[in-house]
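In this note's numbering, each residue carries its 1-based index in the sequence shown increased by 1029. Just so you know, even glycine gets a beta-carbon here, dropped at the ideal spot from N, CA and C. Please read the structure below before turning to the comments.
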Amino acid sequence: MFYYPKIPGSRDAPAGRCVAFEKYDGTNLHWDWDREFGWHSFGTRRDEFDLSEAGIARFTAAHAHLRECVGVFLATLAEGLESVFAGRESYREFAGFRAFTEFLGPNSFAGLHQADDPKRLVLFDIRAEPIGILGPERFADDFGHLPIARVVYRGKLTGKFAEDVRTGKYGVAEGIVCKGGSGCADVWMAKIKTYAYLEKLKRSFGERWENYWE
1030 MFYYPKIPGS RDAPAGRCVA FEKYDGTNLH WDWDREFGWH SFGTRRDEFD LSEAGIARFT
1090 AAHAHLRECV GVFLATLAEG LESVFAGRES YREFAGFRAF TEFLGPNSFA GLHQADDPKR
1150 LVLFDIRAEP IGILGPERFA DDFGHLPIAR VVYRGKLTGK FAEDVRTGKY GVAEGIVCKG
1210 GSGCADVWMA KIKTYAYLEK LKRSFGERWE NYWE
């Protein structure tokens, strides 16, 4: 089971308007909140744990390289997100939420993190239950006061824009994720990676680098 969907490349993406967010080279983590229990569970893209002392201990045993993430989340995102979920009228109709973040440090690469690096979490999506992932404009407008993925472009997803991203004209290290749709049911996503990042993967992993297209 994947807690966050696989994002396709841009080849078959719709040609309509999109919001392009910077894509960060870290570890995908999710955090779950509901109105009765507050923040109650968390995990990686492939697993989930109770957000309790015992659950955090089990998570740390399974993912020692991510052991700092709970402290970072509580210090930088938990309160701000809960303020929106519980305090804004437009969000009170939803039973619960899943916040998706990227965990990384300044020298993180291909999901590997340096132990001595300071770590941060970047918020990049919100899933509202039961309707699904919020549209990109709503996400940027309602959560932009928090440490979210940087918006690098608003406009049509064209071949020229995609090539400009790949050649480094937008100042992103790994690439971008384009998101379109008005919200939830019709949200679509497409990722574009830079040539420089793909070349770095090739140098680091040899023939295995092609796996990182996905």
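Please say whether Val1181 and Val1151 have beta carbons closer to each other than 8 Å?
no
Hey, Ile1036 and Met1218 are a contact pair by Cβ (cut 8 Å); roughly how many whole angstroms apart?
5 Å
Output the distance between the C-alpha atoms of Phe1123 and Pro1159, rounded to the nearest integer angstrom.
7 Å
How many Å lie between Tyr1224 and Leu1186 at the Cα?
18 Å
Between the CA atoms of Gly1235 and Asp1171 - distance to the nearest angstrom:
42 Å
Give me the DSSP bridge partner(s) of Cys1047.
Gly1184
Does the beta-carbon distance from Asp1079 to His1069 come in below 8 Å?
yes
Tell me whether the beta-carbon of Lys1222 lies closer than 8 Å to the beta-carbon of Val1048.
no
Who does Ile1162 pair with in a DSSP beta bridge?
Arg1156
CB Gly1164 to CB Gly1210, shorter than 8 Å?
yes
Pick out whichever of Arg1183, Arg1195, His1174, Lys1220 has its Cα sitting closest to the Cα of Gly1045.
Arg1183
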